[in-house]
Amino acid sequence: MTDISAETARNVPLVTDELIEQRVQALVGRACTRQVWMLFLYADHVQVPLVMPIADYPESPGGGNAESFAASLKEIADVARATQVIFVWERYASDSLTPHDCAWARHLQRACTGEGLPVRAQLLSHKRGVRWIAAEDYLVA
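Position in the sequence shown counted from 1, then plus 909, gives you our numbering.
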């Protein structure tokens, strides 16, 4: 994880996909383990000063796992006054999306929407860098 200044985080709203990808590259960068990161945004698209990595999330989003995860995130977002969440799926492998990646992205997107917490973006941190995950990559199934 690379640091960015608090001033940059406070003064550069993440209003474009490119800015989000640059911020994720600066904060998370290349993958070294399996975990998911959550970044939260205020209504004005400024990043909340809270970055959460979770390494022990379940293998499968099924069985209510995605819904439980989304409910917990909604509580955190409410306390932090965040209105959107960004997910960064970190895993040390290629930049190709796997069915597992797509399942988690799809189920968590739907679960967060159900909780009233919009997902602003999802990205993949892989062994060579960071890539954007377009909704059409994971919502097709």
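Quick reminder that beta carbons are idealized off the backbone N, C-alpha and C, glycines included.
Rounded to whole angstroms, what is the Cα-Cα separation between residue i and residue j?
i       : j       : result
Cys941  : Asp1010 : 16 Å
Tyr951  : Gly972  : 31 Å
Arg1029 : Val924  : 10 Å
Glu1024 : Arg1015 : 14 Å
Pro922  : Leu1006 : 28 Å
Check the Cβ-Cβ distances between residue i and every residue of chain D, and say whether any is below 7 Å.
i      : result
Ser914 : This model lacks chain D altogether, as it is built from one protein chain only.
Shortest alpha-carbon distance to residue i belongs to which of the options?
i      : options                          : result
Pro967 : Lys983, Ser914, Ser1034, Trp1013 : Trp1013
Phe949 : Tyr1047, Ala1044, Asp987, Glu927 : Asp987
On the CB-based measure, 16 or more other CB atoms within 10 Å of its CB, does residue i come out buried or exposed?
i       : result
Ser1034 : buried
Going by DSSP in three states, residue i sits in which element: helix, strand or coil?
i       : result
Val988  : helix
Ile963  : strand
Ser1005 : coil
Ala1030 : strand
Met1023 : Rather than Met, the amino acid found at residue 1023 in this sequence is Gly. Gly1023: helix per DSSP, three-state reduction.
Arg1087 : Outside the displayed span of the chain (910 to 1050) sits residue 1087, for which this structure offers no information.
Glu999  : strand
Which residues bound the alpha helix (DSSP H) around residue i?
i      : result
Ile929 : 926-936
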